[in-house]
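Counting from 1, one number per residue, gives the positions in the sequence shown under the working numbering.
Beta carbons are placed, not taken as given, at the ideal position from N, Cα and C, and that holds for glycine.
The model shown is predicted, which means the values in this text are computed figures rather than measured ones.
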Amino acid sequence: MRNSTTSRQALLQACGDSFRKLSPVTQWRNPVMFVVWLGSALTSVMALFALAQQQWSEAIFTGAISLWLWFTVLFANFAEALAEGRSKAQAESLKGLKQTSWAKKLEQPTEHAAFTTLSAEALRKGDWVRVDAGDIIPCDGEVLIGGASVDESAITGESAPVIREAGGDFASVTGGTRILSDWLVIQCSVNPGETFIDRMITMVEGAKRRKTPNEVALSILLISLTIIFVIATATLYPFSLWGGHAISVVVLVALLVCLIPTTIGALLSAIGIAGMSRMLNANVIATSGRAVEAAGDVDVLLMDKTGTITFGNRQASAFYPAEGVTEEALANAAQLASLADETPEGRSIVVLAKQRFNLRERELSSLQATFIPFTAQTRMSGIDFAQTRIMKGAMEAVRDYARQQGGSFPDEVVQTADEIARRGETPLVVIENQRVMGVVALKDIVKGGIKERFSQLRKMGIKTVMVTGDNALTAAAIAAEAGVDDFLSQATPEAKLALIRQYQAEGRMVAMTGDGTNDAPALAQADVAVAMNSGTQAAKEAGNMVDLDSNPTKLLEVVHIGKQMLMTRGSLTTFSIANDVAKYFAIIPAAFTVVYPQLAELNIMHLHSPSSAILSAVIFNALIIVALIPLALRGVPYKAVSASALLRRNLWIYGLGGLILPFPGIKVIDLLLTALGVA
1 MRNSTTSRQA LLQACGDSFR KLSPVTQWRN PVMFVVWLGS ALTSVMALFA LAQQQWSEAI
61 FTGAISLWLW FTVLFANFAE ALAEGRSKAQ AESLKGLKQT SWAKKLEQPT EHAAFTTLSA
121 EALRKGDWVR VDAGDIIPCD GEVLIGGASV DESAITGESA PVIREAGGDF ASVTGGTRIL
181 SDWLVIQCSV NPGETFIDRM ITMVEGAKRR KTPNEVALSI LLISLTIIFV IATATLYPFS
241 LWGGHAISVV VLVALLVCLI PTTIGALLSA IGIAGMSRML NANVIATSGR AVEAAGDVDV
301 LLMDKTGTIT FGNRQASAFY PAEGVTEEAL ANAAQLASLA DETPEGRSIV VLAKQRFNLR
361 ERELSSLQAT FIPFTAQTRM SGIDFAQTRI MKGAMEAVRD YARQQGGSFP DEVVQTADEI
421 ARRGETPLVV IENQRVMGVV ALKDIVKGGI KERFSQLRKM GIKTVMVTGD NALTAAAIAA
481 EAGVDDFLSQ ATPEAKLALI RQYQAEGRMV AMTGDGTNDA PALAQADVAV AMNSGTQAAK
541 EAGNMVDLDS NPTKLLEVVH IGKQMLMTRG SLTTFSIAND VAKYFAIIPA AFTVVYPQLA
601 ELNIMHLHSP SSAILSAVIF NALIIVALIP LALRGVPYKA VSASALLRRN LWIYGLGGLI
661 LPFPGIKVID LLLTALGVA
């Protein structure tokens, strides 16, 4: 019920805005529709003049033409208002995140410094504040001291809290989020009105945005076509006088409106606004329509390995027992050592042992066991129970431990561990008391379906490049498994920046995702830079998009939305031009039959009369805009195919469709008008 009410309110709001946009100042911004507006005003005056002269048939015909021309303008305004309405609704929801909150401003950036309580609006860039459990973070900033669990669901939509702590790439906090536990000392990085939420609201409200280069080029083409048809239509009047039968100015106006590209002119702005709206629906904030459009032109994707191509947490993939040890015995020991290990790696060992040998999990309490946690000093973790100690850890750490216990470390285990490492996996050695049981291989698991997605990108002409800090051998193995086209191993900030510049020098459009301060130079250089909301302030400011979900794979969706926007614009432009060509055959023969009777042969649709033909074409011209509004807002369905295949598809569907549709459409309207006795 709420959705239907919201939709109804949005439609009513768009209807009101459609009339408000009838101002000539507003219409002037869209030259194609401004010509239609002028035609509507001119025919309205002529209809009133004919009515005053009691020329009833002329007044009815001119009034009908004028009415449908006004409808054409209103429908174009409605499409734009509906798209803007979506953005305004999103902006209002973001404004709801801004809460009046109080801040504890510190005199010194220390844990126990004295503080003054004041309104968050009074804070300035560089101020220090303390935030405790339950408090709203009063400003965007960087954590100087402490660590805490933060609820960012109001921004990201994710209910799971995140950890924010001093140092590293997770020190950035956003104003309006809430501390759930512990405390933080934060240094404000922006002034009031400049917070991340404020910038999001400004971006979303920027529906009346600057046009993108592609849109400007298309606008120039549409204006040029309009000027050409204005001149052509204007010259028809003296020709008709020379023929001895002057064509009515009303007919010439109707002819002009049907010949100029009104369909795409009416929907062009709505397409651009809807593209930004779809990006926001994907929880990505784009700083401008330019960034969205650039995403559609991307042909190189730079992606981090961890979290994008792989799950990021290494998973147990195989057990390699030492000589004299069965694989099941190794799996049992490794599972026991991992029962209380809550790391993803530890849980994966428990699961793999259960899958391979049906070894079910056991409770530590039932074993009367004690868990030995991992420490940076020992680099091992394990379990103590029934005079048995099982440990697991890095090969060097277990080897030292075995020697301390008076045991030996088999050479074949060393060889197995080295072979696992050469494959790009991580060896984890298990030892029970003094006996080395074998090695567990931990593998960075490639995400399911990612290879197919990269294959789709390849069909679209997009090159995929994996960026990783791993050595070349590991990077090559994962790149081959994932199906990426290229990789950059042992990537440093300088190496990433150099690679992007290299591709750009070749004329390529490069997209990249990142979250750390070390990613900021490359993000600033990339044509499309998607920064993670969980990342540092430097990364977010360097990017031209911010992913509120902090999902590195979102880059693929961003490119998809950008390409969908470009394809929608191209498809509807193709349809509009083809549509105009078809309308020639309806209006020109009818309009000039009186002057040149021979043109009656071209009336292939056998329309009832010249007046019904002209009015039918004008009505069809208005209604087709209404029919295409949902497509403009939703976007043309996008498929990952080559540019040439896309061109052929557009020509067949939208070109041929635009050429054929007017014939039955205008004919049906003509029959209705005739049946009603209107024309």
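For Gln502, the enclosing alpha helix (DSSP H) covers residues 493-505. For Pro344, the enclosing alpha helix (DSSP H) starts and ends at 344-357. The beta carbon of Lys463 sits closer than 6 Å to the beta carbons of Val300, Asp485 from its chain, once the five residues preceding and following it are set aside; these are given in chain order. In the structure shown, the three-state DSSP call for Val45 is helix.
Secondary structure of Arg178 (DSSP, three-state): strand. Here the alpha carbons of Asp547 and Asn518 stand approximately 18 Å from one another. Within the stretch 271-303, complete beta strand (DSSP E) segments of at least 3 residues are found at 284-286, given in chain order. Apart from sequence neighbours up to five positions away, the residues of its chain that approach Trp102 with a beta-carbon distance below 8 Å are Thr117, Leu118, Ser119, Ala120, Pro138, ordered along the chain. If you look at Lys459, you'll find it in the alpha helix (DSSP H) that goes 450-459. Distances from the alpha-carbon of Thr308 to those of Glu142, Phe371, Ile478, Phe319 put Ile478 closest. Per DSSP, Asp418 is one residue of the alpha helix (DSSP H) stretching across 411-422. The Cβ neighbour count for His560, taken over all protein chains shown within 10 Å, is at least 16; the residue is labelled buried. Pairwise C-beta distances place the stretch 407-422 out of contact with the stretch 276-287, as fewer than three of them are shorter than 8 Å. Approximately 3 Å separates the beta-carbon atoms of Gly658 and Ala578; this is inside 8 Å, confirming the contact.
Bridge partners of Thr464 according to DSSP: Leu301.
Within the stretch 308-341, the complete alpha helix (DSSP H) segments at least 4 residues long are 327-338, listed from N- to C-terminus. Taking a cut-off of 8 Å for Cβ pairs, the stretch 434-441 and the stretch 321-328 touch, as three or more such pairs fall below it. In the same chain as Ala64, and ignoring 5 residues on each side of it, the C-beta atoms closer than 6 Å to its own belong to Leu615, in chain order.
Arg403: member of the alpha helix (DSSP H) spanning 395-404, first to last residue. Contact annotation: Gly635 and Ala79 have beta-carbon atoms that are not nearer than 8 Å.
Across the set Met509, Cys258, Thr388, the C-alpha of Cys258 shows the shortest separation from the C-alpha of Val618. Boundaries cannot be given for Lys21, as no alpha helix (DSSP H) includes it and DSSP labels it neither H nor E. Two segments are said to touch when three or more pairs of C-beta atoms, one from each, lie closer than 8 Å; by this definition the stretch 654-670 touches the stretch 563-582. Cβ atoms of Ser181 and Glu142 stay farther apart than 8 Å, at about 19 Å. If only complete runs of 3 or more residues are kept, the stretch 128-152 shows the beta strand (DSSP E) at 128-132, 141-151, in order along the chain.
Residue pairing of Ala531 in beta bridges, as defined by DSSP: Gly514, Val546.
Here the alpha carbons of Ile666 and Leu236 stand approximately 23 Å from one another. Collapsing the DSSP output to three states places Leu106 in a strand. Approximately 11 Å separates the beta-carbon atoms of Ala148 and Arg130; this is outside 8 Å, ruling out the contact. Checking the DSSP bridge columns, you'll see Phe385 partnered with Thr388. Cys188 has Gly141 as its beta-bridge partners, per DSSP.
Burial of Leu330 is indicated by the presence of at least 16 other C-beta atoms within 10 angstroms of its C-beta. Taking 8 Å as the cut-off, the beta carbon of Met395 is found closer than this to the beta carbon of Pro427. In this model, Gln434 and Ser408 are separated by some 8 Å (Cα to Cα).
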